[in-house]
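For the sequence shown, the positions run 1355 to 1505 when the working numbering is used.
Encoded as structure tokens, the structure appears first; notes follow it.
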Amino acid sequence: MHRRWGGVPLGTTHLPFWAQTNAEQGADADPRVSHAQQDAARARQQLKLLTGHHTDQRAVLQRSIGEWPRSIEARATDLRNGLEQARRTLAEIEALPVPDAAQLIRDIAAQAEAERAVLAARRARAAERRRWPSPSPEYGPGLERDFGPSL
């Protein structure tokens, strides 16, 4: 009994403290308790990760929902403008003799191809710039920028 319980309480006043101490020592030594503590720690970590992911996804969704009306309106305006331009071009083609209309169609196709090539080159340059960091350091405002670190 002495080995397992560490002695017997001296009186009834010490009994609650003795019982609590022995119960805590027994719980700390029990592998079920340590497994439960490990499971709880893993669950807390997973909850923390999920909460962070949820917060990030919610922010992304709010930004995308907030941008929808403006982007949809801008896209609709672009499509309307393109439709009007296509109608004008069609009317111009229909008014021309067949050989002239064919040449105009070839010219329009060549111009569109040139515009696509320019756009592709711009995108490639932008992607290349994003790939490499700026060689010049970025300094914030303050004395450090002009006179070195402050002492």
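Every residue, glycine too, gets a C-beta built ideally from N, C-alpha and C.
Asked, Found
"Extent of the continuous alpha helix (DSSP H) to which Asp1454 belongs", "Val1452 to Arg1485"
"Sub-9 Å separation of Ile1447 and Leu1433 beta-carbons", "no"
"Distance between Thr1431 and Arg1476 (C-alpha atoms, nearest Å)", "24 Å"
"Within 9 Å, strictly: CB atoms of Thr1443 and Ile1426", "no"
"Endpoints, the alpha helix (DSSP H) within which Gly1380 is located", "Leu1369 to Ala1383"
"Straight-line gap, Leu1415 to Arg1479 (C-alpha atoms, nearest Å)", "30 Å"
"Top-ranked residue by Cα proximity to Ala1466, from Ala1440, Val1452, Asp1454 and Glu1482", "Ala1440"
"Separation of Arg1412 from Val1387, as counted between CA atoms", "37 Å"
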